[in-house]
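To start, the structure itself, in structure tokens.
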Amino acid sequence: MSAEKTVSAPLLPFDGVRAPDFPAGFPWLNTQKPLSLRALRGKVVLLDFWTYGCINCMHILPDLKRLEAKYPNELVVISVHSAKFEAESSVKAVRNAVLRYKIEHPVLVDQKMRVWSEYAVKAWPTLVLIDPTGRVAGQVAGEGHYARLDATIAQLIDKAKKRGELSQTPLKFALERAKVAPSPLSFPGKVMANGGTLYIADSGHNRLVRASKDGKVEAVVGSGIAGLQDGSFQTAQFNNPQGLALDGDKLYVADTNNHALRVVDFAQKTVTTLAGNGKQAAYGSKGGVGTETSLSSPWDVLKVGDSLVIAMAGNHQIWKMDLLSGKVGVYAGSGAEARRDGAFLSAAFAQTSGLELVGDKIFAADSETSTIRALDLKNQSVKTIAGGDLFDFGDRDGRGDSVRLQHPLGITSDGKNLYLADTYNSKIKRLDPKTGSVSTLFAGGLNEPGGLSFDDTTGALFIADTNHGLIKRLDVARKTTQTLSFSGLKPPLISTPAPKTETLLVAMDATQILAPDAKGNLVFEAKLPKGFHLNREAPLKLTTKVSGDGLTLGQSSVSGAKFVLPLQIPLQTAKKGSGTVEISAFISYCNDGPGAVCKVESVKQRIDFEVKEGGAKDMKIAAVLP
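Numbering follows this note's numbering, in which position 622 of the sequence shown is assigned residue number 608; successive positions increment by one, without gaps.
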């Protein structure tokens, strides 16, 4: 995301410039300890410079997963989070984004954009390839570069393999998702109140929930599996559903990551795709008919007469679908990412994510310009009524252009005032659309709310408190909140694949005879290849487990600086006994000289022992590393 067009930028070669290593002390996610490029020698490394509010950055995540799956042993993807918005800079905020987007590779939190500067990055997203010798092989900005990246990675792997510089040892990372307990709702993006009923986009669970306002669950729509599948409530699949629009028994859904519009029929208990073929529309796409055409990250939807008006966040436009003909296409916005008022087709938006109809105007939360825009349906024109611009944001009440918001995603109305989910400020604000005056209504206890809905029957606001995984009710008059509880609502019963682990080298030794009443050592020797040494910038650890009788070890684990070869752990035997010792070692090692290759191996061994006369004082375990 930048002020200049980067979507079709070519891959830029760097002629072997040494890649700057990561700064010491910077926070890491999805890994047990900080990584270094030196420790990753032998791997192709792909750096993804991103900021989590950027729609283009979201678009390339499937490409990164495809590359990781294609080259599981040769490629390491590292996301470098260089924040645009102030609220995006904290480790906690980035961790929530990692969980929300289901990112499973290491993430470096780039403080004060230092790594960004060292790599001369100019736009989000930017991808930098580093070859197995630690040199920059190329750089490209924007989205849509899978084929280029794939071809370049394949070339780097082939070249390194021929030179003996490639490490194909799989690596294991400690994922953030493994530390989080399941919850009834997962990052709910939008909520809609209608009469006595709430409709919730349970976005992180890839499903929808209909419930009464007192918390009784009436229907769950979707299996929870991420996918694009029509059918019954139990078998249908969504992928990060967001905006909702109700018309009688039908609920229209902006199915964001599927690039589709869906309709839920509560009378028939079915889900049907109205528009979108599951593929992301290219920049400049004009639309087409129903499921024959491509959409780009629809984030919100409105029912206006016989049409749906869509916040097409991925194309920075507003689209419209005629429900009678099935035709869908551009309604407003040139496609440029900017704040530009004027006639519908010459105006410009930036990742519009919330829509609200009031009279003959549609009000839009334009998240990346941190503004509220008004689309006049009569004269077909766009006007900004409050907020700043792409790089002019903050947290300031006021009027018109003096107002500062921070990535607002949600908007609703009581017929007179507009209410805003000022998402990255974690506040709810009130806006008078006639004067452009904005004031903070509620602050405190929210974490990046993505949506809200005014309840005409009670005068309350229902809020999707996204990062807290909750739905809250805000009493507008009293300015107090209540957290809703949904009885019987549980996470989807779907299995989550376990993280991939490294290759295990398993060896079986003959039973070792140990002398009774003796003090000795468990001696572990790992023979490294010629020219290799232990890599103390990466993990080194050995753990032990004793089963049976007659043997006690002085330590159950050794790691870090104490991990030296041969490694010795004191042991004490009894008068008699037998059993098993299991060891598990995680060893990082590199060779010397320019273009050094680094490897990581996991060794597991199981050794039977017996304590009796004539035995040795020491138990010896050996492993030969490749």
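Glycine included, each C-beta is placed from N, C-alpha and C at the ideal position.
Using the Cα positions of VAL206 and ASP251, report the straight-line distance between them to the nearest angstrom. One C-alpha to the other measures close to 12 Å.
Return the residue from the list SER388, LYS289 and MET178 that minimises the CA-CA distance to GLY436. Residue MET178 is the option with its Cα nearest to GLY436.
Just to confirm, are MET44 and SER68 a CB contact at a threshold of 8 Å? Contact: no.
Simplified DSSP state of THR426, which is helix, strand or coil: Looking at THR426 - three-state DSSP - the assignment turns out to be strand.
Same chain, Cβ closer than 6 Å to GLU90, neighbours up to 5 away in sequence not counted: Contacts found: LEU161.
Taking 6 Å as the limit between beta carbons, can you name the residues of its chain near VAL80, skipping five residues before and five after? The answer, listed in chain order, is HIS67 and VAL95.
Please report the distance separating the alpha-carbon of LYS51 from that of ARG359. So the two alpha carbons sit approximately 35 Å from each other.
Residue from ALA318, ARG385 and ASP216 with nearest C-alpha to SER367: Of the residues ALA318, ARG385 and ASP216, the one whose Cα lies closest to the Cα of SER367 is ALA318.
Helix or strand or just coil, what does DSSP make of ASP216? Looking at ASP216 - three-state DSSP - the assignment turns out to be coil, as it is neither helix nor strand.
For THR538, count neighbouring C-beta atoms within 10 Å of its own C-beta (all shown protein chains included) and say buried if the count is 16 or more, exposed if not. By the neighbour-count rule (16 or more Cβ atoms within 10 Å), THR538 is not buried but exposed.
Need the endpoints of the alpha helix (DSSP H) that ASN42 sits in, please. Note, ASN42: alpha helix (DSSP H), 41 to 45.
Name the two residues that bound the continuous beta strand (DSSP E) containing ALA602. Run containing ALA602: none; DSSP gives neither H nor E here.
Please state whether DSSP places THR17 in a helix, a strand or coil. Residue state, collapsed to three classes: coil.
Could you tell me whether the segment 588 to 599 touches the segment 566 to 578, using the rule of 3 or more Cβ pairs below 8 Å? Yes: at least three Cβ pairs fall under 8 Å.
For PRO168 and ARG522, the rounded distance between their alpha carbons: Spanning the two alpha carbons is a distance of roughly 36 Å.
Taking Cβ to Cβ, would you say THR497 is nearer than 8 Å to GLU596? The Cβ-Cβ distance between THR497 and GLU596 falls below 8 Å.
Tell me which residues share the same chain as GLU(-10) and place their Cβ nearer than 6 Å to its Cβ, disregarding the 5 neighbours each side in the sequence. Because the pLDDT of GLU(-10) is 33, which lies under 50, any placement of that residue in the model is unreliable, and the number read from its coordinates should be weighed accordingly. Residues of the same chain with a CB within less than 6 Å of the CB of GLU(-10), apart from the 5 flanking positions on each side, do not exist.
Check whether the Cβ atoms of GLY373 and SER356 lie closer than 8 Å to each other. Yes, the pair counts as a contact, with Cβ atoms nearer than the cut-off.
Nearest candidate by alpha-carbon position, reference PRO9, set ASN42, LEU475 and TRP102: Comparing alpha-carbon positions, the option among ASN42, LEU475 and TRP102 lying closest to PRO9 turns out to be TRP102.
What is the DSSP secondary structure of ILE358, reduced to helix, strand or coil? If DSSP states are grouped into helix, strand and coil, ILE358 belongs with the strands.
So who's on the other strand from HIS519, going by DSSP bridges? Beta-bridge partners of HIS519 (DSSP): CYS576.
By the 10 Å Cβ neighbour count, where 16 or more other Cβ atoms means buried, how is ASP286 classified, buried or exposed? Here ASP286 is buried, its C-beta having at least 16 other C-beta atoms within 10 Å.
Selected residue, minimal CA-CA separation from ILE348, among PRO170, SER332, GLU354 and ILE371: Answer by Cα proximity: ILE371.
Alpha carbon to alpha carbon, how far is LEU309 from ASP292? Give it in angstroms, no decimals. ASP292 and LEU309 have their C-alpha atoms some 6 Å from each other.
Of the listed residues PRO556, ILE397, LEU113 and GLU599, nearest to GLY128 (C-alpha basis): Of the listed residues, the one whose Cα sits closest to GLY128 is LEU113.
Per-residue DSSP class, three states only, for VAL166: VAL166 falls in the coil class under three-state DSSP.
By DSSP's criteria, LEU227 is part of a beta bridge. Which residues make up the other side? Leu is not the amino acid found at residue 227; the sequence shown has Pro there. When beta bridges are read from the DSSP output, PRO227 appears opposite ASP241.
Measuring CB to CB, does GLU434 end up less than 8 Å from THR398? Cβ distance not < 8 Å, so GLU434 and THR398 don't count as in contact.
Quick check: what's the CA-CA separation for ASN301 versus THR443? One C-alpha to the other measures close to 36 Å.
Roughly how many angstroms separate the alpha carbons of GLY601 and SER22, rounded to a whole number? Rounded to whole angstroms, GLY601 and SER22 show a C-alpha spacing of 45 Å.
Pick out whichever of GLY455, SER412, PHE219 and HIS131 has its Cα sitting closest to the Cα of SER471. The residue among GLY455, SER412, PHE219 and HIS131 with its C-alpha nearest the C-alpha of SER471 is GLY455.
If you draw a straight line from the alpha carbon of GLY540 to that of ASP503, how long is it in whole angstroms? When rounded, the distance between both Cα atoms is 15 Å.
Restricting to Cα atoms, I'd like to know which of ALA231, LEU427, ASN226 and ASP346 is closest to LYS465. Across the set ALA231, LEU427, ASN226 and ASP346, the C-alpha of LEU427 shows the shortest separation from the C-alpha of LYS465.
Write down the C-beta distance between ASN507 and GLN554 rounded to the nearest angstrom, noting that I regard them as a contact closer than 8 Å. ASN507 to GLN554, Cβ: 4 Å. Contact.
Does the segment 146 to 158 touch the segment 182 to 200, meaning 3 or more C-beta pairs lie closer than 8 Å? At 8 Å Cβ cutoff, the stretches do not touch.
Alpha carbons only, please: which of GLN337, LEU33, ALA299 and ILE186 is nearest the one belonging to SER65? Cα-wise, what sits closest to SER65 is LEU33.
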